[in-house]
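In terms of the UniProt record's numbering, the sequence shown has 26 at position 26, counting the first letter as 1, and numbering is strictly consecutive.
For glycine and all other residues, C-beta sits at the position ideal for the given N, C-alpha and C.
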Amino acid sequence: MGILGWIVLGLIAGAIAKAIMPGRDPGGIIITMLLGIVGAIIGGFVGRAIFGTDINTFFDLSTWLLAILGSLIVLGIYRMVTGNRGNRARA
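Structural data, given as structure tokens:
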């Protein structure tokens, strides 16, 4: 799967991760989409390394699950690192 496919997959996986983990994030939707792309790529590499799965097909369930899982992990790490900064700025 090419880089354009990973970007599209990451955008969708980021939106799904945001729906699973709702809440305010510092940076808004742009940062969430970028985190989704990074999470999809990381999830794909980790899945290939650990499980040996073939992640070269866009419409494969394992590709989507790994991308969403990677996006959830990256979003969770981002929230832990940034803390509650987004809510303090709005208060």
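(message) With a threshold of 8 angstroms between beta carbons, is F51 in contact with chain C?
(response) Annotation note: the requested chain C is absent from the structure, which comprises a single protein chain.
(request) Compare the Cα-Cα distances from G44 to each of M33, S71, M80 and report the closest residue. (result) S71
(request) Assign A91 to one of three DSSP states: helix, strand, or coil. (result) For A91, the predicted model reports a pLDDT of 46, less than 50, meaning its position is unreliable; a value from the coordinates is still stated below. Three-state result, A91: coil.
(request) Measuring alpha carbon to alpha carbon, tell me which of R48, G28, L65, I50 ends up nearest A10. (result) For the sequence presented, residue 10 should be read as Gly rather than Ala. Nearest option by C-alpha distance: L65.
(request) Return the residue from the list I12, I50, T63 that minimises the CA-CA distance to G36. (result) I12
(message) Beta-carbon within less than 8 angstroms of V46's beta-carbon, same chain only, minus the 5 sequence neighbours each way: which residues are those?
(response) L66, G70
(message) Can you tell me whether residue 121 is buried or exposed? The criterion is at least 16 other CB atoms within 10 Å of its CB, across all chains shown.
(response) The chain is shown from 1 up to 91; residue 121 falls before or after that span and cannot be answered.
(message) Going by DSSP in three states, G14 sits in which element: helix, strand or coil?
(response) helix
(request) With a cut-off of 8 angstroms on the beta carbons, I'd call G83 and M21 a contact; round off their distance for me. (result) Wrong, their Cβ atoms sit about 15 angstroms apart, outside the cutoff.
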